[in-house]
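In my numbering, the protein residues as written are 93 to 303.
For every residue, glycine included, the Cβ atom is placed at its ideal position computed from N, Cα and C.
Note that the structure is a prediction, hence the values are computed from the model and not measured.
To start, the structure under review is shown below, and the notes come after it.
Encoded structure:
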């Protein structure tokens, strides 16, 4: 590709309970009327996409893609920022991040993590069914509470944290690889991947995974 495509917009910041922001058709028309050519679709709200169904049904994925195309738009990526966050949560943040989880796993960190991992697995298959080659997400954070250098971190803590983060993400990365989709971590405050150095540390821990 020699030409920049777009523009595109991430829908999550605009989704709401009032029209046109409360349905896929409404928000697609809104985006198209503003001149956007692509949309990045968050995956927690079934008004916009049923992630599990998109993973399991190529027919549903094709219908969804066609609906978006009818407005002159294309889906650029799916997003699992909130589910990715829940792949790795330090216990200090349990009550805060429970708000992002499905009701049936709230208050149960182990079940919440398993749910989040499954969501990412669905996202890999759904992306493949939609013909996408990239996916946007967060890494989650086991170490963010130690960002400030005081009190001093115990020796080896950061290495242990990134080892655990990689352990949780490797099966997910492998599934995305099986589906031919790249995982694009948003480098963001509050995540363990918050700058170039932490990204490189993680990349080392996942053995320079190609996805």
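Between the region 109 to 124 and the region 182 to 197 there are fewer than three C-beta pairs closer than 8 Å, too few to call the two in contact. Under DSSP, the beta-bridge partners assigned to residue 130 are 100, 166. The DSSP assignment places complete alpha helix (DSSP H) segments of no fewer than 4 residues inside the region 150 to 214 at 150 to 161, 173 to 177, 186 to 189, in order along the chain.
Its chain contains 269 as the residues whose beta carbon lies nearer than 8 Å to that of residue 302, once the 5 sequence neighbours on both sides are disregarded; these appear in chain order.
Around residue 236, the same chain offers 282 as residues with beta carbons nearer than 6 Å, after the five sequence neighbours per side are excluded. Residue 147: member of the alpha helix (DSSP H) spanning 143 to 148, first to last residue. Distance from the Cα of residue 171 is smallest, within the candidate group 162, 204, 216, for 216. Where residue 135 is concerned, there is no enclosing beta strand (DSSP E), because DSSP gives it neither an H nor an E.
Between the region 251 to 269 and the region 192 to 201, the count of Cβ pairs shorter than 8 Å is below three; the stretches do not touch. Residue 276 and residue 111 have their C-alpha atoms some 30 Å from each other.
With 16 or more other Cβ atoms from the protein chains shown falling within 10 Å of its own Cβ, residue 261 counts as buried. By the C-beta density criterion, residue 117 is exposed, having fewer than 16 other C-beta atoms within 10 angstroms. By the beta-carbon neighbour count (other beta carbons within 10 angstroms, threshold 16), residue 169 is buried. Rounded to the nearest whole angstrom, the CA to CA distance from residue 103 to residue 133 is 6 Å. The residues 203, 204, 207, in chain order, have a CB closer than 6 Å to that of residue 197 in the same chain once the five nearest residues on each side in sequence are set aside. Residue state for residue 227 is assigned as strand, using DSSP reduced to three classes.
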